[in-house]
Amino acid sequence: MTGKLGVNIDHVATVRQARGTIEPDPVTAAALAELGGADGITVHLREDRRHIQDRDVELLRQTVKTRLNLEMAATEEMVVIALRIRPDCVTLVPEKRQELTTEGGLDVCGQRTLLEPKIAMLRQAGIVVSLFVDPDAGQIEASQQLGADYIEIHTGTYCEAATVQARRAELNKIEAAIHQGHRIGLGINAGHGLNYQNIRPVVALGGIEEYNIGHSIISRAVLVGLERAVREMAALVRGA
Numbered sequence: 463m464t465g466k467l468g469v470n471i472d473h474v475a476t477v478r479q480a481r482g483t484i485e486p487d488p489v490t491a492a493a494l495a496e497l498g499g500a501d502g503i504t505v506h507l508r509e510d511r512r513h514i515q516d517r518d519v520e521l522l523r524q525t526v527k528t529r530l531n532l533e534m535a536a537t538e539e540m541v542v543i544a545l546r547i548r549p550d551c552v553t554l555v556p557e558k559r560q561e562l563t564t565e566g567g568l569d570v571c572g573q574r575t576l577l578e579p580k581i582a583m584l585r586q587a588g589i590v591v592s593l594f595v596d597p598d599a600g601q602i603e604a605s606q607q608l609g610a611d612y613i614e615i616h617t618g619t620y621c622e623a624a625t626v627q628a629r630r631a632e633l634n635k636i637e638a639a640i641h642q643g644h645r646i647g648l649g650i651n652a653g654h655g656l657n658y659q660n661i662r663p664v665v666a667l668g669g670i671e672e673y674n675i676g677h678s679i680i681s682r683a684v685l686v687g688l689e690r691a692v693r694e695m696a697a698l699v700r701g702a
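Taking my numbering, the leading residue of the sequence shown gets 463, the next gets one more, and so forth.
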């Protein structure tokens, strides 16, 4: 399986919101990312609107030529927005107002009654639903039972591992999650904390359809330009 690259452009909006101005424009960034070879565009519309704004998502739905993946919390407000905008995919993620970035996977096992009707509503509208989960057998099984189409494996613990042994242990968990997901009929994506160095061992595992990567690409884009930064990461996820 040749991997696909979903480019998260949240941090383009972070820079814009830092000054409360109109630039840089995430919509323009999405177009440049697609020119650089992105297979999809990801944005996280947070409840506190700290970076991506509603207008951004509306414009992206009109302009993205590949696939639009909307990350969001499983709230009534966000489901209403998703049903109106109709992204190609919704990825449900946990969300805390005080966190700098998403800190871990959804507790699917503990939130069945919250998640199941929202997953059903989104799927009935023709929206592909993915759940952002840790590489944990129970969470993956629950994701399939609740009707998700995909899981996105949280790779943050692997990326933050301080030793070779710890990193290998986390890679083993990711590999087991990939196999389990495929065995029960789930599509497999992955993301969080991946960069130009640590992506290679994950790609080598095989079985992951799409890698959603943001911070490292935007960081590199500051130095070399967005198209080049995307092109370089796309080559890595495609195994070049």
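Built from N, CA and C at the ideal position, the CB exists for glycine as well.
* To do: Give me the Cα-Cα distance between R512 and A599, rounded to the nearest whole angstrom.
  => Start at 1 with the first residue of the sequence shown, and residue 512 comes out as number 50. Start at 1 with the first residue of the sequence shown, and residue 599 comes out as number 137. The straight-line gap separating the alpha-carbon atoms of R512 and A599 is approximately 33 angstroms.
* To do: Would you kindly work out how many angstroms separate the C-alpha atoms of G676 and G618, rounded to a whole number?
  => Your numbering for residue 676 matches position 214 in the sequence shown. Your numbering for residue 618 matches position 156 in the sequence shown. Whole-angstrom Cα-Cα distance: 13 angstroms.
* Asked: Within 10 angstroms of its Cβ, does P579 collect 16 or more other Cβ (buried), or is it exposed?
  -> Taking the first residue of the sequence shown as position 1, residue 579 is located at position 117. P579 comes out exposed.
* Where do the ends of the beta strand (DSSP E) carrying G468 lie? -> Position 6 of the sequence shown, counted from the first residue, corresponds to residue 468. From DSSP, the beta strand (DSSP E) with G468 extends over 466-470.
* Which word fits D518, buried or exposed, when buried means at least 16 other C-beta atoms lie within 10 angstroms of its C-beta? -> For the purposes of this step, residue 518 is taken as the residue at position 56 of the sequence shown. Result: buried.
* What's the gap between the Cα of L688 and the Cα of I503? -> For the purposes of this step, residue 688 is identified with residue 226 of the sequence shown, where counting begins at 1. For the purposes of this step, residue 503 is identified with residue 41 of the sequence shown, where counting begins at 1. Answer to the nearest angstrom: the Cα atoms are 13 angstroms apart.
* Asked: So what does DSSP say about V699, is it helix, strand or coil?
  -> On the sequence shown, residue 699 is found 237 positions in, with the first residue counted as 1. Of the three classes helix, strand and coil, the one that applies to V699 here is helix, per DSSP.
* Asked: M534 by DSSP, collapsed to three states: which one?
  -> For the purposes of this step, residue 534 is identified with residue 72 of the sequence shown, where counting begins at 1. Looking at M534 - three-state DSSP - the assignment turns out to be strand.
* To do: Evaluate the contact criterion for the stretch 537-551 versus the stretch 479-490: three or more CB pairs, one atom per stretch, below 8 angstroms.
  => no
* Inspect the beta-carbon positions of A495 and I646 and report whether they are closer than 9 angstroms. => Translated into positions along the sequence shown, residue 495 becomes position 33. Translated into positions along the sequence shown, residue 646 becomes position 184. No, the Cβ-Cβ distance between A495 and I646 is not below 9 angstroms.
* Asked: Do I650 and A638 come within 9 angstroms of each other at the CB atom, strictly closer than that value?
  -> Residue 638 sits at position 176 when you count from the first residue of the sequence shown. Residue 650 sits at position 188 when you count from the first residue of the sequence shown. No.
* **Beta-carbon gap between E533 and V570 smaller than 9 angstroms** => Along the sequence shown, one-based indexing puts residue 533 at 71. Along the sequence shown, one-based indexing puts residue 570 at 108. No, Cβ-Cβ distance for E533 and V570 is not below 9 angstroms.
* Asked: From what residue to what residue does the alpha helix (DSSP H) around H677 run?
  -> Indexing the sequence shown from 1 puts residue 677 at position 215. Here the alpha helix (DSSP H) through H677 covers 677-686.
* To do: Give the C-beta separation of L648 and Y612 to the nearest angstrom, bearing in mind that I take them to be a contact with Cβ-Cβ under 8 angstroms.
  => Along the sequence shown, read from residue 1 onward, the residue named residue 648 stands at position 186. Along the sequence shown, read from residue 1 onward, the residue named residue 612 stands at position 150. The Cβ separation is near 6 angstroms, so the contact holds.
* Do you know how far the Cα of D472 is from the Cα of V684? -> Position 222 of the sequence shown, counted from the start, is the residue given in the question as residue 684. Position 10 of the sequence shown, counted from the start, is the residue given in the question as residue 472. Straight-line Cα distance between these residues: approximately 14 angstroms.
* Out of L576, L584, L568, D501, point me to the one whose CA is closest to V542's CA. => On the sequence shown, residue 542 is found 80 positions in, with the first residue counted as 1. The option with the nearest alpha carbon to V542 is L584.
* Asked: So what does DSSP say about L507, is it helix, strand or coil?
  -> Here residue 507 refers to the residue found at position 45 when the sequence shown is read from its first residue. In this structure, L507 counts as coil in the three-state DSSP scheme.
* Asked: How is G653 classed by DSSP in three states: helix, strand or coil?
  -> In the sequence shown, residue 653 corresponds to position 191, counting from 1. Look at G653 here: in three-state DSSP terms it is strand.
* To do: List the residues that DSSP assigns as beta-bridge partners of H616.
  => Numbered from 1 along the sequence shown, position 154 holds the residue referred to as residue 616. Answer by DSSP bridge pairing, in chain order: G653.
* Asked: How about A652 and N634: are their beta carbons less than 9 angstroms apart?
  -> The count along the sequence shown starts at 1 and reaches residue 652 at position 190. The count along the sequence shown starts at 1 and reaches residue 634 at position 172. Cβ atoms of A652 and N634: not closer than 9 angstroms.
* Give a yes or no on whether 9 angstroms exceeds the smallest Cβ distance from S605 to chain C. => No chain C appears in the structure shown, which is made up of a single protein chain.
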